[in-house]
Structure formats: C-alpha cells, structure tokens
Amino acid sequence: MSLPLPSPRDEAWRWSDLSGLPALAEARPRGGVIDTSGLWLGCGGPRLLFVDGVLDEALSEPGPLGAGAVEVDSDHPLGRLARGAGWTLDLGKGHSPDATIEIVHVATGGASHVPARITLASEAQASIVETFVGDGWANRLTQVDLGDGARLMHAARLRQASGFTSLRIEGQVGTGASLVSTILAAGGAGTRIDAAVKLAAPGAFAEVGGALLARGGQRHDAAVTLRHEAPEGMSRQTWRAVADDHATASLAARVEVARHAQQTDGEQSLRGLLLRRTATVNLKPELEIFADDVKCAHGATVGELDRNALFYLASRGLPPLEAQALLTRAFVADALGRIGEAAVREAFEADADAWLGANP
Amino acid sequence: MLQITDLHAETAGKTILQGLSLQINAGEVHAIMGPNGAGKSTLAYTLGGRPGYEVTAGSATFDGADLLALEPHERAAAGLFLGFQYPVEIPGVSNLQFLRTALNAQKRARGEAELSGGEFIKLARAQANALGLDPEMLKRPVNVGFSGGEKKRAEMVQMGILAPKLAILDETDSGLDIDALRVVGQGINTIMRAPDKAVLLITHYQRLLDYVRPDFVHVLAGGRIVRSGGPELALELEREGYAEVAA
Numbered sequence: 034m035s036l037p038l039p040s041p042r043d044e045a046w047r048w049s050d051l052s053g054l055p056a057l058a059e060a061r062p063r064g065g066v067i068d069t070s071g072l073w074l075g076c077g078g079p080r081l082l083f084v085d086g087v088l089d090e091a092l093s094e095p096g097p098l099g100a101g102a103v104e105v106d107s108d109h110p111l112g113r114l115a116r117g118a119g120w121t122l123d124l125g126k127g128h129s130p131d132a133t134i135e136i137v138h139v140a141t142g143g144a145s146h147v148p149a150r151i152t153l154a155s156e157a158q159a160s161i162v163e164t165f166v167g168d169g170w171a172n173r174l175t176q177v178d179l180g181d182g183a184r185l186m187h188a189a190r191l192r193q194a195s196g197f198t199s200l201r202i203e204g205q206v207g208t209g210a211s212l213v214s215t216i217l218a219a220g221g222a223g224t225r226i227d228a229a230v231k232l233a234a235p236g237a238f239a240e241v242g243g244a245l246l247a248r249g250g251q252r253h254d255a256a257v258t259l260r261h262e263a264p265e266g267m268s269r270q271t272w273r274a275v276a277d278d279h280a281t282a283s284l285a286a287r288v289e290v291a292r293h294a295q296q297t298d299g300e301q302s303l304r305g306l307l308l309r310r311t312a313t314v315n316l317k318p319e320l321e322i323f324a325d326d327v328k329c330a331h332g333a334t335v336g337e338l339d340r341n342a343l344f345y346l347a348s349r350g351l352p353p354l355e356a357q358a359l360l361t362r363a364f365v366a367d368a369l370g371r372i373g374e375a376a377v378r379e380a381f382e383a384d385a386d387a388w389l390g391a392n393p
Numbered sequence: 040m041l042q043i044t045d046l047h048a049e050t051a052g053k054t055i056l057q058g059l060s061l062q063i064n065a066g067e068v069h070a071i072m073g074p075n076g077a078g079k080s081t082l083a084y085t086l087g088g089r090p091g092y093e094v095t096a097g098s099a100t101f102d103g104a105d106l107l108a109l110e111p112h113e114r115a116a117a118g119l120f121l122g123f124q125y126p127v128e129i130p131g132v133s134n135l136q137f138l139r140t141a142l143n144a145q146k147r148a149r150g151e152a153e154l155s156g157g158e159f160i161k162l163a164r165a166q167a168n169a170l171g172l173d174p175e176m177l178k179r180p181v182n183v184g185f186s187g188g189e190k191k192r193a194e195m196v197q198m199g200i201l202a203p204k205l206a207i208l209d210e211t212d213s214g215l216d217i218d219a220l221r222v223v224g225q226g227i228n229t230i231m232r233a234p235d236k237a238v239l240l241i242t243h244y245q246r247l248l249d250y251v252r253p254d255f256v257h258v259l260a261g262g263r264i265v266r267s268g269g270p271e272l273a274l275e276l277e278r279e280g281y282a283e284v285a286a
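Listed in order, the protein sequences are those of chains S and W.
Per the numbering used here, residue 34 is the first one in the first sequence, and the count goes up by one each step.
Per the numbering used here, residue 40 is the first one in the second sequence, and the count goes up by one each step.
(1) Around the C-beta of TYR244 (chain W), are 16 or more other C-beta atoms found within 10 angstroms, so that it is buried, or is it exposed?
(2) If distances are taken between C-alpha atoms only, which option among W:LEU41, W:MET72, W:GLY97, W:GLY66 comes closest to LEU56 (chain W)?
(3) Going by alpha carbons, who is nearest to GLY142 (chain S) out of S:ALA218, S:PRO55, S:THR208, S:ALA157?
(4) Kindly give me the distance between the Cβ atoms of THR215 (chain S) and LEU74 (chain S), rounded to whole angstroms, as I take these residues to be in contact under 8 Å.
(5) What residues from chain S crowd round PRO111 (chain W), counting only those whose CB sits closer than 7 Å?
(6) Rounding to the nearest angstrom, what Cα-Cα distance links HIS69 (chain W) and GLN357 (chain S) in this structure?
(7) Please state whether DSSP places PHE185 (chain W) in a helix, a strand or coil.
(8) Compare the beta carbon distance of PRO41 (chain S) and ARG47 (chain S) with 7 Å and say whether it is the shorter of the two.
(9) Pull up the CB-CB distance for ALA218 (chain S) and HIS253 (chain S), whole angstroms please, since I reckon it's below 8 Å.
(10) Which of the three DSSP states is assigned to PRO253 (chain W) in this structure?
(11) Could you confirm whether any beta carbon from chain W is found closer than 7 Å to the beta carbon of GLU355 (chain S)?
(12) Tell me, please, which residues DSSP counts as bridged to ASN315 (chain S).
(13) Where does the unbroken beta strand (DSSP E) through MET186 (chain S) begin, and where does it stop?
(14) Would a C-beta distance cut-off of 7 Å place GLY221 (chain S) and ALA194 (chain S) closer than the cut-off?
(15) Kindly indicate if chain W contains any beta-carbon less than 7 Å away from that of LEU303 (chain S).
(16) Please confirm if ASP363 (chain S) has its CB atom under 7 Å from at least one CB of chain W.
(17) Could you tell me the boundaries of the beta strand (DSSP E) in which ASP235 (chain W) lies?
(18) Pull up the distance between the alpha-carbon of GLY53 (chain S) and that of GLU104 (chain S), whole angstroms please.
(19) To the nearest whole angstrom, what separates the beta carbons of ALA282 (chain S) and VAL241 (chain S), a pair I think is in contact under 8 Å?
(20) Indicate whether at least one CB of chain S lies closer than 7 Å to the CB of GLY122 (chain W).
(21) Just the Cα atoms here: how many angstroms apart are GLY99 (chain S) and ASP89 (chain S)?
(22) Applying the criterion that 16 or more other CB atoms from any shown protein chain within 10 Å of the CB defines a buried residue, is ASN134 (chain W) buried or exposed?
(23) Between ALA152 (chain W) and chain S, is any beta-carbon pair separated by less than 7 Å?
(24) By the criterion of Cβ-Cβ separation under 8 Å, what are the contact partners of ASN341 (chain S) in chain W?
(25) Going by DSSP, what residue range makes up the alpha helix (DSSP H) through THR85 (chain W)?
(26) Mind pulling the beta strand (DSSP E) runs of 3 or more residues that sit fully within the stretch 71-146 of chain W?
(27) Using a Cβ-Cβ cutoff of less than 7 Å, which residues in the same chain neighbour THR271 (chain S) once the five nearest sequence positions on both sides are dropped?
(28) Check ARG225 (chain S) in the structure and name its three-state DSSP category.
(29) On the three-state DSSP scale, how would you describe PRO174 (chain W)?
(30) Is there a Cβ of chain W sitting closer than 7 Å to that of ALA375 (chain S), yes or no?
(31) Out of curiosity, what's the CA-to-CA distance linking GLY91 (chain W) and ALA48 (chain W)?
(32) Could you tell me which chain W residues have their CB closer than 7 Å to the CB of LEU351 (chain S), listed as they occur along the chain?
(33) According to DSSP, is THR69 (chain S) part of a helix, a strand, or is it coil?
(34) Going by beta carbon distance, what residues of the same chain come within less than 7 Å of THR44 (chain W), once the five residues before and after it are set aside?
(35) Use the C-beta contact count for SER80 (chain W): other C-beta atoms within 10 angstroms, 16 or more gives buried, fewer gives exposed.
(36) Could you name the residues of chain W that ALA366 (chain S) contacts, counting a contact when the two beta carbons are closer than 7 Å?
Structural data, given as structure tokens:
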C-alpha cells in the first residue's frame with residue numbers, strides 16, 4: 034500500500050521532512066518488555082499506556098477514560114491516517130478528575146496511528162499530559178470539543194530517541210471555555226505538530242505553544258492555526274525554536290479573525306535561537322483579520338546567544354556549554370512557563386535540561 | 040600573585056596596551072588610574088580573557104601559572120574575579136540560579152565539594168545582607184531592572200559569594216551615589232582585605248579610594264604605567280589632573 038503523504042511542494046509542508054515515513058510505515062515494531070519507569074510523572078490520576086499504538090491494559094488505570102474504537106473525522110493528511118482504536122475522555126457537566134491524566138506512548142519501531150476524542154461538557158475540567166518515547170513513527174489525531182466554561186490543560190512532551198512523532202490537534206472551544214496546549218520537542222526524533230483550533234463562541238480562550246529543540250540533522254516543524262469565529266475571544270501562541278548543528282526548527286503560526294469576531298485579543302510570539310550558524314530556524318507568523326475592532330500583537334525574531342552575556346557568565350566560572358545551556362533554558366522558559374501545574378512544568382523543564390545537557 | 044610583564048594587547052585592530060608591567064602581591068590593594076582612552080578597560084578585559092582582546096606580546100602569570108593560556112571560566116576557577124563597569128542583564132536567569140551554577144562550576148573545576156541548594160541560599164542571603172541588597176532581589180533575573188547602584192552592589196554580592204583571590208574591579212564606582220559608594224567600598228574591604236587576597240581597582244576618579252585605601256597607585260597613560268606611588272599619588276592626580284602628572 035502506498036502511503037499518501039503531503040509533498041514539500043505544498044506550502045504547508047515545505048519545511049517538513051516526511052521522507053523517512055514510508056520505510057517506518059512498512060517496518061514492524063520490535064515489541065518486547067517495556068520499561069515504563071521514569072515515564073510517569075506520578076500524578077496519581079488516571080493513566081493509559083500505549084505500546085506501538087496498542088493499549089496495555091495491565092499497566093493502565095483508565096478511570097474516566099475510554100478505550101476502543103474512536104469516531105473521528107479529519108481531512109488532515111496525517112491526522113486522517115489515525116483511525117480505529119484509540120482513547121476518549123468524555124466528561125459530563127461540571128465533572129473533573131481529581132488528578133492529572135497521564136498518557137504514555139511507547140514506540141518500538143514501525144508505525145502506530147492512534148485517534149483520540151476529548152469531549153468536556155459545560156464547566157468540566159481536565160488536565161492531560163502525554164509523553165512520547167521510543168522510536169518508530171507515532172502518529173496521533175486528537176479532537177477536542179469544549180462546552181461552555183469547560184477547561185482543558187493539555188501538555189505533550191515529545192522525547193522519542195529517533196523516528197518521527199506527528200501530532201494533529203483539532204479543537205472547538207465554547208463560550209468562556211479554555212484550551213491550553215503546550216508542546217515540547219526535546220528528543221532525537223523528527224516531529225510535525227499540527228493544530229487547528231476554532232474559538233467558536235463568545236469569550237473563548239485558546240493557547241497553543243511550546244518549544245522545539247533540534248540538533249544534529251533533526252527537523253521539528255509546527256503549524257498552528259487559531260481561528261476566532263466569535264466576539265471577545267482571546268488567543269495566545271508562544272513558541273520558542275532552538276536549532277543547533279545542521280538542524281532545522283520551523284514555526285508557522287496563524288491567527289484568523291472572522292468578520293463578526295469583534296474585540297478579539299490575539300497575541301503571537303515566535304522566537305528562534307541559532308546555537309550554530311549552520312542551523313536553520315524558519316518563522317512564519319500570519320494574521321488574517323476580517324473584523325475591524327481587534328487587538329492582535331505579533332512578534333517574530335531569530336537570533337544568536339548574546340556574546341556579552343556569554344562572557345559575563347564565563348567570567349563567573351561557567352564553562353561554555355553550561356553558559357550556553359543556562360541562556361538557552363532562559364530562552365525557552367517563557368514557553369514552558371505557560372504550563373500551570375508545577376509538577377508538569379518541572380517535568381518539562383527537566384526534559385529541556387536533559388536535552389541541554391546541563392544540571393542533571 | 041599577579042605578575043604582568045611588558046603586556047601588549049589590541050582590540051579591533053588597534054594596539055591599546057603597549058608594554059604594561061605590574062606586580063601585585065597577596066595582601067595588597069592596587070589602584071590604576073588614568074584618563075579616558077588610556078587602556079583601563081582593555082587591561083581588565085585582557086586579564087579576564089574577553090574574546091576580541093588579543094595579546095600580541097608580553098606575559099601575565101597568576102599564582103605562577105600562565106593566566107593568558109586559560110579560558111575565561113578557567114581564570115574564574117583559578118580565583119580571578121572581574122567586576123564589570125557595565126554588568127550585563129540576563130533575562131530569564133535568576134541571580135540565585137546563575138550564582139549557584141557559577142559557584143558549583145568553580146568548585147567542580149577545583150575538585151571541591153559543591154554546595155547544596157540550602158547551603159547556597161544561606162550563603163547568598165548573608166552576602167546580600169552584608170552589601171545592603173534586599174535578598175529578594177536575588178530571585179529576580181540577573182541585573183534586569185536593577186538601577187546602576189543595585190547592579191554594582193549585585194556585583195559585590197557576586198564577589199562575596201564566589202570569594203576570589205584576586206578581584207579586578209573596572210570602574211566599580213561609576214553610577215554610584217555617595218551612600219552606595221560607601222557600601223560598595225566597605226564591601227570590597229570586608230570581602231577582599233585579607234593577607235591571602237588582592238585587589239586591582241581600575242578607576243577614573245579618586246572618590247572610591249576614600250573608602251578603599253590602596254597600598255599602591257599607578258597612573259596608566261598611552262597603554263603603559265607611567266608613574267607609581269602610594270595613596271598620596273591619587274590625591275595629587277585629583278588636584279593637578281592627569282595631563283600634569285602623566286606628562
């Protein structure tokens with residue numbers, strides 16, 4: 034079966050490198066005994082473990098989560114490949130699990146496609162952390178529907194050692210509801226992050242952001258569209274891209290404001306950091322505004338570490354790599370700081386630190 | 040402790056130091072004074088190892104080792120502290136995080152035991168209090184939003200925490216009002232006036248020397264030391280001006 038993949042000639046995919054996917058799609062996972070120690074944050078809440086896209090029931094504690102066939106419908110080129118068995122979270126009005134939900138995806142080679150659907154009725158709340166490790170191709174589609182006043186905190190850490198992780202998030206945010214998704218790419222794999230979120234009703238809030246850390250020949254790529262379809266919505270996109278060696282980190286972030294979405298407050302902050310001049314950061318901020326009473330701030334900059342700061346740190350005794358790590362960590366701090374829960378934020382910061390190779 | 044012999048250095052293709060020699064022994068405080076453009080900051084940066092400052096001739100040894108062969112962070116670990124005329128702002132990095140990382144990197148390089156978080160906080164608080172800097176400011180990003188005086192106090196807090204053998208303080212008095220000048224002066228005395236430590240004060244004005252009394256004063260002009268003497272030389276400079284004394 035030939036895999037229908039988007040071409041780099043397609044504008045939305047021109048920075049992506051999907052060339053390794055056909056081989057991964059043909060490969061078979063190695064399987065074997067999975068060591069999940071160190072993968073759970075220990076939140077004590079519901080948890081699911083997927084190994085090569087298959088739920089490991091023995092090591093999962095689903096609580097309110099459902100597992101099995103998921104009805105999803107997407108026309109996204111990668112997202113639509115995720116069909117069949119996956120997971121769901123369906124919370125009734127005002128419901129909220131006691132603790133953060135953890136979902137760990139372990140890949141042992143090959144390809145896995147897992148759909149998910151999150152439906153929160155009015156005033157329901159949930160916090161979900163996803164962790165991706167291993168190798169192979171992990172492809173995920175997550176569809177989110179938030180009722181009035183519902184709140185979803187979502188965070189994903191992409192730590193696969195090699196292979197490819199692709200996430201597609203599609204969301205719909207109701208009146209006064211809030212969707213916050215923070216994604217950290219800090220592994221050795223290539224990644225593609227896609228998100229399309231509609232602020233569908235008045236006073237909706239949506240935030241999608243994170244940090245992409247790339248080295249070697251890695252390519253990270255995020256393409257996010259937040260669409261304001263109703264008045265008084267607020268959206269935030271805070272992204273930090275770091276590239277070392279010959280790596281490429283790319284961000285395409287788009288805000289759309291429909292004609293009647295007055296009093297929209299949108300903010301975009303895209304910043305790139307080149308740790309070496311052979312690396313590449315691509316930033317593409319886009320605003321498409323049809324309403325006339327809106328506030329949309331945006332900024333996009335690419336730079337290198339401040340030489341004065343590097344010498345200042347060296348003069349106090351920091352070796353070059355430690356100085357670079359400290360400044361790079363500060364650079365991504367804004368993006369990871371958006372994670373509200375301390376335990377989750379600390380885990381993400383620890384991942385970033387591990388990537389930076391400083392202060393284990 | 041520090042032996043500089045016939046040092047020549049250039050920056051941006053221009054030779055600034057032209058045969059500077061200076062010996063500083065343990066327990067001594069030296070002041071180098073000079074007009075603008077004499078090479079004062081170049082001397083500080085060259086000794087600190089700042090990229091872009093190149094030594095073309097001469098030598099500098101620190102406790103017998105070739106200082107110029109060391110990387111900037113190795114000079115710090117060897118016991119050299121460079122106080123900046125314009126301390127650098129580092130958004131996103133707190134003073135505590137910065138200084139703990141720096142101190143432990145130095146200790147690691149010297150083969151000493153690193154400080155735990157608790158031990159470090161205690162040390163940092165004590166040093167901040169001694170310099171009249173609100174310890175809460177240590178939680179803020181390095182020098183960001185600090186006034187000129189606060190930056191210089193923070194530099195002295197850094198010096199107190201890192202406990203160097205030799206401090207080279209470049210225009211530490213600039214931007215200080217009279218109260219801050221006294222606090223900083225007392226800080227230098229408390230931290231560095233010891234038989235096993237030494238200080239090189241680089242300054243344009245005499246006023247800091249009212250608080251930190253130097254054992255030796257040198258006049259730097261045209262990239263070399265043209266006159267040396269005791270504390271009275273600073274007063275003479277203040278009275279008669281550089282043009283007269285350096286002539």
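Every residue, glycine too, gets a C-beta built ideally from N, C-alpha and C.
Let me spell this out:
(1) By one-based count along the second sequence, residue 244 (chain W) stands at place 205. The residue is exposed, with fewer than 16 neighbouring Cβ atoms inside 10 Å.
(2) Counting from one through the second sequence, the residue named residue 56 (chain W) turns up at place 17. Among W:LEU41, W:MET72, W:GLY97, W:GLY66, the Cα nearest to that of LEU56 (chain W) is on W:GLY97.
(3) What you label residue 142 (chain S) is simply residue 109 of the first sequence in a count that begins at 1. It is S:PRO55 whose Cα lies nearest to the Cα of GLY142 (chain S).
(4) Taking the first residue of the first sequence as position 1, residue 215 (chain S) is located at position 182. Taking the first residue of the first sequence as position 1, residue 74 (chain S) is located at position 41. THR215 (chain S) to LEU74 (chain S), Cβ: 14 Å. No contact.
(5) Taking the first residue of the second sequence as position 1, residue 111 (chain W) is located at position 72. Going along chain S in sequence order, the residues near PRO111 (chain W) (Cβ under 7 Å) are PHE344, ALA347, SER348.
(6) The residue given as residue 69 (chain W) occupies position 30 in the second sequence. The residue given as residue 357 (chain S) occupies position 324 in the first sequence. So the alpha carbons of these two residues sit roughly 34 Å apart.
(7) For this step, residue 185 (chain W) is matched to residue 146 along the second sequence. Here PHE185 (chain W) sits in coil by DSSP.
(8) Residue 41 (chain S) sits at position 8 when you count from the first residue of the first sequence. Residue 47 (chain S) sits at position 14 when you count from the first residue of the first sequence. Yes; because the gap between Cβ atoms is below 7 Å, this pair is in contact.
(9) Translated into the one-based positions of the first sequence, residue 218 (chain S) becomes position 185. Translated into the one-based positions of the first sequence, residue 253 (chain S) becomes position 220. The pair is a contact, with the Cβ atoms about 5 Å apart (cut-off 8 Å).
(10) On the second sequence, residue 253 (chain W) is found 214 positions in, with the first residue counted as 1. Coil at PRO253 (chain W), not helix or strand.
(11) Start at 1 with the first residue of the first sequence, and residue 355 (chain S) comes out as number 322. Yes - at least one Cβ of chain W is within 7 Å of the one on GLU355 (chain S).
(12) Locating residue 315 (chain S) in the first sequence gives position 282, where the first residue counts as 1. According to DSSP, which records beta bridges pairwise, ASN315 (chain S) is partnered with S:SER283.
(13) To locate residue 186 (chain S), count along the first sequence from 1; it is residue 153. Residues 184-191.
(14) Indexing the first sequence from 1 puts residue 221 (chain S) at position 188. Indexing the first sequence from 1 puts residue 194 (chain S) at position 161. Taking 7 Å as the Cβ cut-off, GLY221 (chain S) and ALA194 (chain S) qualify as a contacting pair.
(15) Along the first sequence, read from residue 1 onward, the residue named residue 303 (chain S) stands at position 270. Chain W, which has no Cβ nearer than 7 Å to the Cβ of LEU303 (chain S), makes this no.
(16) Taking the first residue of the first sequence as position 1, residue 363 (chain S) is located at position 330. For the record, residue 363 (chain S) in the displayed sequence is Ala; it is not Asp. Yes - at least one Cβ of chain W is within 7 Å of the one on ALA363 (chain S).
(17) The count along the second sequence starts at 1 and reaches residue 235 (chain W) at position 196. Element bounds for ASP235 (chain W): n/a, residue is neither H nor E.
(18) Position 20 of the first sequence, counted from the start, is the residue given in the question as residue 53 (chain S). Position 71 of the first sequence, counted from the start, is the residue given in the question as residue 104 (chain S). Each residue's Cα considered, the two are about 28 Å apart.
(19) Residue numbering aside, residue 282 (chain S) sits at position 249 when the first sequence is read from its first letter. Residue numbering aside, residue 241 (chain S) sits at position 208 when the first sequence is read from its first letter. 16 Å between Cβ atoms; not a contact.
(20) Stepping through the second sequence from its first residue, residue 122 (chain W) is reached at position 83. Chain S contact via Cβ: absent.
(21) As a position in the first sequence, residue 99 (chain S) is number 66, starting the count at 1. As a position in the first sequence, residue 89 (chain S) is number 56, starting the count at 1. Looking at the two C-alpha atoms, the distance is approximately 13 Å.
(22) On the second sequence, position 95 is the one that residue 134 (chain W) refers to. So ASN134 (chain W) ends up on the buried side.
(23) What you label residue 152 (chain W) is simply residue 113 of the second sequence in a count that begins at 1. It does not: the Cβ of ALA152 (chain W) has no partner Cβ on chain S nearer than 7 Å.
(24) As a first step, residue 341 (chain S) must be located in the first sequence, where it is residue number 308. Simply VAL127.
(25) For the purposes of this step, residue 85 (chain W) is identified with residue 46 of the second sequence, where counting begins at 1. That run of the alpha helix (DSSP H) goes 79-87.
(26) 92-101, 119-122, 129-133
(27) Here the question's residue 271 (chain S) lines up with position 238 in the first sequence. Within the same chain, THR271 (chain S) has close Cβ partners GLY242, SER302, ASP367, ALA368, ARG371.
(28) Along the first sequence, one-based indexing puts residue 225 (chain S) at 192. Strand, per DSSP.
(29) Your numbering for residue 174 (chain W) matches position 135 in the second sequence. In this structure, PRO174 (chain W) counts as helix in the three-state DSSP scheme.
(30) Counting from one through the first sequence, the residue named residue 375 (chain S) turns up at place 342. It does not: the Cβ of ALA375 (chain S) has no partner Cβ on chain W nearer than 7 Å.
(31) The residue you call residue 91 (chain W) lines up with position 52 of the second sequence. The residue you call residue 48 (chain W) lines up with position 9 of the second sequence. One C-alpha to the other measures close to 10 Å.
(32) Your numbering for residue 351 (chain S) matches position 318 in the first sequence. Those are HIS112, THR140, ALA141, ALA144, listed as they occur along chain W.
(33) Along the first sequence, one-based indexing puts residue 69 (chain S) at 36. Correct three-state label for THR69 (chain S): coil.
(34) Position 5 of the second sequence holds residue 44 (chain W). Closer than 7 Å at Cβ, skipping near neighbours: SER60, GLY97, SER98.
(35) Counted from its first residue, the second sequence places residue 80 (chain W) at position 41. SER80 (chain W) is buried by the Cβ-count criterion.
(36) By 1-based counting over the first sequence, the position of residue 366 (chain S) is 333. Near ALA366 (chain S) (Cβ distances below 7 Å), the residues of chain W are GLY131.
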